[in-house]
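Colleague:
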Amino acid sequence: MDVIVLGAGLTVIFAALLILLLTLVLGGADRRGLARALADINTVYAPGAAQGRRTALSAGPAGRPALGRAVTLLASRLTPDRAAAWLQRTLDHAGNPPSWPPARILEAQGWSIVIGVPVGALLGLGLVARGSSPASTLILGALAGGLIGWWGPYLLVLNAAQRRQERLLDTLPDTLDMLTLCVEAGLGFDAALMQVAAGIDGPLGGELARALQEMQMGKRRAEALRSLAARTTIPELRNAMMSIVQATELGIPVASVLREQSREMRVKRRQRAEERARKVPIKILFPLVFCLFPALFVVILGPGVLRLIDTLGNG
Numbered sequence: 001m002d003v004i005v006l007g008a009g010l011t012v013i014f015a016a017l018l019i020l021l022l023t024l025v026l027g028g029a030d031r032r033g034l035a036r037a038l039a040d041i042n043t044v045y046a047p048g049a050a051q052g053r054r055t056a057l058s059a060g061p062a063g064r065p066a067l068g069r070a071v072t073l074l075a076s077r078l079t080p081d082r083a084a085a086w087l088q089r090t091l092d093h094a095g096n097p098p099s100w101p102p103a104r105i106l107e108a109q110g111w112s113i114v115i116g117v118p119v120g121a122l123l124g125l126g127l128v129a130r131g132s133s134p135a136s137t138l139i140l141g142a143l144a145g146g147l148i149g150w151w152g153p154y155l156l157v158l159n160a161a162q163r164r165q166e167r168l169l170d171t172l173p174d175t176l177d178m179l180t181l182c183v184e185a186g187l188g189f190d191a192a193l194m195q196v197a198a199g200i201d202g203p204l205g206g207e208l209a210r211a212l213q214e215m216q217m218g219k220r221r222a223e224a225l226r227s228l229a230a231r232t233t234i235p236e237l238r239n240a241m242m243s244i245v246q247a248t249e250l251g252i253p254v255a256s257v258l259r260e261q262s263r264e265m266r267v268k269r270r271q272r273a274e275e276r277a278r279k280v281p282i283k284i285l286f287p288l289v290f291c292l293f294p295a296l297f298v299v300i301l302g303p304g305v306l307r308l309i310d311t312l313g314n315g
């Protein structure tokens, strides 16, 4: 009975705190309209400002439900500046998917915390029923649920960014080969880049097209290529872009630099394939030991064990 009363009390306290936080956030949301607009402008002209990053993360469509906006603002208030900057950078690495705007991620994070805390407390309540310490188990369960809800959306974004970077790395050697062929055929570097961007599907083609758009808008080629390198976490792609930038600035023929980079990328791709092949025996070891071998032992030794039991029983 004491356990049930304690669990109900914690649930009521959590609900009251949640209602209080949502009331404070909703009450200040309208007054922050002009401030948020000014902060968005500051974010455009001063992207390094921490407060601008946080405001841009919490900004979302105006037609969203009030409760969803409140949860988003609550999550943005609880998000440290470093975490907000990391989220924006990881979204850049993931390609800024249209279905995953920062406001939606923060809203998912807020709802995950709101749902995770009571679920964790209920799981802790189940452990309490088995004889654990009531207060500590409930608190630890609620904290675990809150932490899982806090980090869950971050892990999804990080996984999407890693998969996109792997796709970039896989298509990089072929892209450099095509770029080398176009330059050696007599095209200028910008024209060759346009041909390759139009002929390649996937994230790397989109990054090249974005670099071309930046150059057409007046950005210098070196700055556009540096921006492309900064949007990735692949050392090979960064080295290739920096080599092209240095060749452009020093007057070195770009075709020779591209040829050398293409050869190096092919060697590294072969090395990665060999490394993955060497990891295969280790990866299949655990499925063999825990899945295949037990079934094999049952099939081979099962009839003999049954016959032995039958013989000993008759004896």
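Quick note on UniProt numbering: the sequence shown kicks off at 1 and runs consecutively.
Glycine included, C-beta positions come from ideal geometry on N, C-alpha and C.
Tell me which residues share the same chain as I252 and place their Cβ nearer than 8 Å to its Cβ, disregarding the 5 neighbours each side in the sequence.
Modeller: The sequence position of residue 252 within the sequence shown is 252, counting from 1. Correct list, in chain order: Q246.
Colleague: In the structure shown, what three-state DSSP assignment does A94 receive?
Modeller: The residue labelled residue 94 in the question sits at position 94 within the sequence shown. Three-state DSSP puts A94 in coil, outside helix and strand.
Colleague: Between which residues of its own chain and E207 is the CB-CB distance below 8 Å, once the five residues before and five after are set aside?
Modeller: Position 207 of the sequence shown, counted from the first residue, corresponds to residue 207. Correct list, in chain order: L168, L228, R231 and T232.
Colleague: Leaving out the 5 sequence neighbours to the left and right, which residues in its chain are closer than 6 Å to A224 when beta-carbon positions are compared?
Modeller: Counting from 1 along the sequence shown, the entry for residue 224 is found at position 224. Cβ within range, chain order: A211, E214 and M215.
Colleague: What do you reckon, are the CB atoms on I113 and G149 nearer than 8 Å?
Modeller: One-based indexing of the sequence shown puts residue 113 at position 113. One-based indexing of the sequence shown puts residue 149 at position 149. Yes. Within cutoff.
Colleague: Please classify W100: does DSSP put it in a helix, a strand, or coil?
Modeller: What you label residue 100 is simply residue 100 of the sequence shown in a count that begins at 1. W100: coil per DSSP, three-state reduction.
Colleague: Quick one: grab the DSSP three-state call for L187.
Modeller: Position 187 of the sequence shown, counted from the start, is the residue given in the question as residue 187. It is coil, neither helix nor strand.
Colleague: Does the beta-carbon of I148, which I'm using as the reference point, lie nearer than 7 Å to any heavy atom of the ligand SAH?
Modeller: Summarising the ligand content, the structure contains no ligands, and the ligand SAH is consequently not present.
Colleague: Of the choices A185, G95 and L179, whose alpha-carbon is the least far from that of L158?
Modeller: On the sequence shown, position 158 is the one that residue 158 refers to. Measuring from the Cα of L158, the nearest candidate turns out to be G95.
Colleague: Is the distance from the Cβ of T248 to the Cβ of R276 below 8 Å?
Modeller: In the sequence shown, residue 248 corresponds to position 248, counting from 1. In the sequence shown, residue 276 corresponds to position 276, counting from 1. No, the Cβ-Cβ distance between T248 and R276 is not below 8 Å.
Colleague: Answer with buried or exposed for T137, where buried requires no fewer than 16 other C-beta atoms within 10 angstroms of its C-beta.
Modeller: Taking the first residue of the sequence shown as position 1, residue 137 is located at position 137. The residue in question, T137, is buried, as its Cβ has 16 or more Cβ neighbours within 10 Å.
Colleague: Look at A85 and G120 and say whether their C-beta atoms are less than 8 Å apart.
Modeller: If you number the sequence shown from 1, residue 85 lands on position 85. If you number the sequence shown from 1, residue 120 lands on position 120. No, Cβ-Cβ distance for A85 and G120 is not below 8 Å.
Colleague: Go ahead and label M241 buried or exposed: buried means 16 or more other beta carbons lie within 10 angstroms of its beta carbon, across all protein chains shown.
Modeller: As a first step, residue 241 is located in the sequence shown; it is residue number 241 there, counting from the start. Buried: at least 16 other Cβ atoms inside 10 Å.
Colleague: Measure how close the beta-carbons of C182 and Q162 come, nearest whole angstrom, since I'm counting them as under 8 Å.
Modeller: Within the sequence shown, residue 182 is the residue found at index 182, counting from 1. Within the sequence shown, residue 162 is the residue found at index 162, counting from 1. With a Cβ gap of about 30 Å, C182 and Q162 do not count as contacting.
Colleague: Check this for me: beta carbons of residue 316 and S243, under 8 Å apart or not?
Modeller: Residue 316 lies beyond the residue range present for the chain, which begins at 1 and ends at 315; the question has no answer from this structure.
Colleague: Hey, L155 and L237: beta-carbon distance below 8 Å or not?
Modeller: Position 155 of the sequence shown, counted from the start, is the residue given in the question as residue 155. Position 237 of the sequence shown, counted from the start, is the residue given in the question as residue 237. Taking 8 Å as the Cβ cut-off, L155 and L237 do not qualify as a contacting pair.
Colleague: Taking the beta carbon of G302 as the centre, do at least 16 other beta carbons fall within 10 Å, making it buried, or is it exposed?
Modeller: Locating residue 302 in the sequence shown gives position 302, where the first residue counts as 1. With fewer than 16 other Cβ atoms within 10 Å, it is exposed.
Colleague: Rounded to whole angstroms, what's the CA-CA distance from I284 to A185? Just pull it up for me.
Modeller: Against the sequence shown, residue 284 aligns to sequence position 284. Against the sequence shown, residue 185 aligns to sequence position 185. Spanning the two alpha carbons is a distance of roughly 47 Å.
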